[in-house]
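In the working numbering, the protein residues as written are 40 to 194.
Quick reminder that beta carbons are idealized off the backbone N, C-alpha and C, glycines included.
Just so you know, these numbers come straight off a predicted model, no measurement behind them.
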């Protein structure tokens with residue numbers, strides 16, 4: 040078989056986990072395309088909105104020098120990220136549900152501030168948009184996925 044990354048099946052840790060949990064859900068999320076638009080369907084839900092907002096704030100720390108990462112309060116960044124997923128865009132059915140998830144996000148960031156762990160250490164920022172590698176050239180399968188955080192260890 041030829042090694043053509045454009046015709047290969049691309050898999051990620053998340054898509055493999057989706058398949059193992061529910062093959063039908065994997066198909067709908069990763070394979071199926073709307074016949075009218077040709078686009079994959081994307082259904083958002085409150086847990087996804089929460090993860091997206093918190094991830095955006097934590098990701099923003101990786102580009103700052105280690106001694107400046109926690110100089111500023113994280114909540115204004117979270118507020119800006121939350122506006123992108125607020126209301127129906129985040130799959131929230133009412134204001135109480137949204138407030139509950141938003142409070143959870145604020146609590147997560149408070150824990151990050153008090154227990155930064157590896158976030159206070161040097162990190163390597165991967166410039167490549169979407170790292171991908173041959174999982175099996177013979178079967179024409181690519182492994183892809185972003186690495187959220189890679190700590191730099193000096194020797």
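Residue i and residue j closer than 8 Å at C-beta
| i | j | result |
| --- | --- | --- |
| residue 117 | residue 98 | no |
| residue 85 | residue 140 | yes |
| residue 50 | residue 180 | yes |
| residue 125 | residue 162 | no |
| residue 188 | residue 157 | yes |
| residue 79 | residue 71 | yes |
| residue 160 | residue 190 | yes |
8 Å contact criterion, which residue i and residue j should meet: CB distance rounded
| i | j | result |
| --- | --- | --- |
| residue 95 | residue 64 | Wrong, their Cβ atoms sit about 25 Å apart, outside the cutoff. |
| residue 83 | residue 123 | Not a contact, Cβ separation roughly 11 Å. |
| residue 42 | residue 173 | 7 Å |
| residue 114 | residue 148 | 7 Å |
Residue i classed as buried or exposed, judged by whether at least 16 other C-beta atoms fall within 10 angstroms
| i | result |
| --- | --- |
| residue 45 | exposed |
| residue 137 | buried |
| residue 108 | buried |
Residue i - partner residues in DSSP beta bridges
| i | result |
| --- | --- |
| residue 175 | 180 |
| residue 162 | 190 |
| residue 79 | 72 |
| residue 50 | 182 |
Inter-residue spacing [alpha-carbon to alpha-carbon] between residue i and residue j
| i | j | result |
| --- | --- | --- |
| residue 168 | residue 183 | 10 Å |
| residue 131 | residue 142 | 14 Å |
| residue 74 | residue 193 | 52 Å |
| residue 57 | residue 69 | 9 Å |
| residue 76 | residue 165 | 33 Å |
| residue 170 | residue 48 | 15 Å |
| residue 93 | residue 135 | 19 Å |
| residue 55 | residue 106 | 37 Å |
| residue 62 | residue 110 | 45 Å |
| residue 177 | residue 112 | 50 Å |
| residue 175 | residue 81 | 28 Å |
| residue 60 | residue 133 | 28 Å |
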